[in-house]
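Novice: Heads up: the sequence shown is residues 248 to 452, going by this note's numbering. Quick one: this structure, given as structure tokens, is what I'll be asking you about.
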Amino acid sequence: MTTRRRGAWHVAPVGQDRWPDLVRLFGRDGAHGGCWCMWWRIPHREFADNDAARNRAGLRRLVRQGTPPGLLGYQDGEPVAWVSLGPRSDFAALETSRILAPVDDRPVWSIVCFFVRRDRRRAGWMRRLLSAAIDYAAAHGATMLEGYPIECGEGRLAGYAGYTGIASTFRAAGFREVARRKMDRPLMRRALRRRASKRGKEPRG
Numbered sequence: 248m249t250t251r252r253r254g255a256w257h258v259a260p261v262g263q264d265r266w267p268d269l270v271r272l273f274g275r276d277g278a279h280g281g282c283w284c285m286w287w288r289i290p291h292r293e294f295a296d297n298d299a300a301r302n303r304a305g306l307r308r309l310v311r312q313g314t315p316p317g318l319l320g321y322q323d324g325e326p327v328a329w330v331s332l333g334p335r336s337d338f339a340a341l342e343t344s345r346i347l348a349p350v351d352d353r354p355v356w357s358i359v360c361f362f363v364r365r366d367r368r369r370a371g372w373m374r375r376l377l378s379a380a381i382d383y384a385a386a387h388g389a390t391m392l393e394g395y396p397i398e399c400g401e402g403r404l405a406g407y408a409g410y411t412g413i414a415s416t417f418r419a420a421g422f423r424e425v426a427r428r429k430m431d432r433p434l435m436r437r438a439l440r441r442r443a444s445k446r447g448k449e450p451r452g
């Protein structure tokens with residue numbers, strides 16, 4: 248996947264050269280409470296035993312292995328937003344979730360987390376990241392993309408409550424609900440057309 252550019256913003260996969268940008272975005276708190284976006288990638292029991300340093304090291308290992316664990320959004324060259332995605336099998340905690348259990352045996356990719364810098368929230372970044380995630384998954388062979396957003400109705404979500412996404416944003420991007428095992432937690436999917444992976448050096452943000 249080549250970097251997507253629209254005016255002053257763009258989205259790019261996190262390879263080793265972009266790790267410092269991800270660190271800068273996540274900051275001292277590691278995105279939220281030292282999670283370093285590892286909440287869905289390891290069993291929750293293991294996550295509970297981890298500290299922020301171990302979570303950071305776990306995410307760093309993924310980046311070093313050469314498979315980007317997500318995409319970074321840039322505004323005027325600054326990292327301001329993040330979305331985590333990959334094959335559902337990459338996310339161990341999904342496999343033990345009663346609410347987000349698989350609906351069938353089809354191979355799917357999952358979008359599990361969004362993080363937007365505080366001063367860039369409510370500026371369309373979730374929509375941009377979701378669009379880029381669709382393109383990235385399709386370019387890497389995915390034929391079905393799955394998300395686990397929050398159904399927030401008319402109210403506003405507090406803090407990081409919408410970190411898995413907002414259902415209305417997923418619907419606008421062509422996702423449809425395929426299961427709902429909790430009132431405010433639809434499981435949503437979008438079928439993808441497999442695209443040839445684009446290669447080439449990505450421009451720096």
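Positions of the beta carbon are idealized from the N, C-alpha and C atoms, including for glycine.
In the DSSP assignment, find the alpha helix (DSSP H) that holds His-291 and state where it starts and stops.
Specialist: Run containing His-291: 291–296, per the alpha helix (DSSP H) assignment.
Novice: Among Asp-366, Arg-364 and Gly-394, which residue has its Cα nearest to the Cα of Val-350?
Specialist: Comparing Cα-Cα distances from Val-350 to each of Asp-366, Arg-364 and Gly-394, the minimum goes to Gly-394.
Novice: Could you please give the first and the last residue of the uninterrupted alpha helix (DSSP H) stretch that includes Ile-358?
Specialist: Looking at the DSSP string, Ile-358 is not in any alpha helix (DSSP H); the run it does join, the beta strand (DSSP E), is 356–363.
Novice: Quick check on the burial criterion: 16 or more other C-beta atoms within 10 angstroms. Buried or exposed for His-291?
Specialist: Per the 10 Å Cβ criterion, exposed.
Novice: For Trp-256 versus Cys-360, is the C-beta spacing smaller than 9 Å?
Specialist: No. Outside cutoff.
Novice: I'd like to know whether the C-beta atoms of Phe-273 and Phe-362 end up nearer to each other than 9 Å.
Specialist: Yes, the Cβ-Cβ distance between Phe-273 and Phe-362 is below 9 Å.
Novice: Below 8 Å on the Cβ atoms is my contact criterion, and I expect Val-258 with Leu-376 to pass it. Report the Cβ-Cβ distance as a whole number of Å.
Specialist: Contact flag correct, Cβ pair sits at about 6 Å.
Novice: What does the alpha-carbon distance come out to for the pair Ala-300 and Thr-314?
Specialist: Rounded to whole angstroms, Ala-300 to Thr-314 spans 21 Å at the Cα level.
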